Amino acid sequence: MKKYLLLLPLLCGCAESRQVFNNSSALQSHQQPLKVFSIGYWNHSSRVLTLTDAAGVYFTIRDAKNDSLKIGDVYHY
């Protein structure tokens with residue numbers, strides 16, 4: 170029973186429909202400066218960045234792979 174209760178939120182989260190948006194609209198809707206919170210790699214040519222804006226709001230974008238960007242850096246687009 171515990172296994173099913175733990176699995177239920179995961180399945181509900183996967184079934185939720187999400188709005189698709191492009192990176193430029195996400196970047197323009199947040200206050201500057203944008204700081205890199207985490208970096209994940211999508212495939213060999215792109216990465217997923219979690220950024221924080223000036224108000225402390227977290228959001229995620231997909232970007233071209235650039236190994237010079239580190240956690241804590243200010244993101245320029």
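According to our numbering, the residues represented by the sequence shown are 170 to 246, in order.
By construction, the Cβ of each residue, glycine as well, lies at the ideal position given by its N, Cα and C atoms.
Here the structure is a predicted model, which is why all the values come from computation and not from measurement.
Determine the direct distance from the alpha carbon of I208 to that of K239, and round the result to whole angstroms. As a first step, residue 239 must be located in the sequence shown, where it is residue number 70. As a first step, residue 208 must be located in the sequence shown, where it is residue number 39. Distance between the alpha carbons of K239 and I208 is about 8 Å.
Three-state class that DSSP yields for S215 in the structure shown: The sequence position of residue 215 within the sequence shown is 46, counting from 1. It is a strand residue.
Please list the terminal residues of the continuous alpha helix (DSSP H) segment that includes A195. Here residue 195 refers to the residue found at position 26 when the sequence shown is read from its first residue. It spans N192 to Q197 - the alpha helix (DSSP H) in which A195 sits, taken as one unbroken run.
I'd like the span of the beta strand (DSSP E) that includes A233, first residue to last. Counted from its first residue, the sequence shown places residue 233 at position 64. Y227 to A233 is the extent of the beta strand (DSSP E) around A233.
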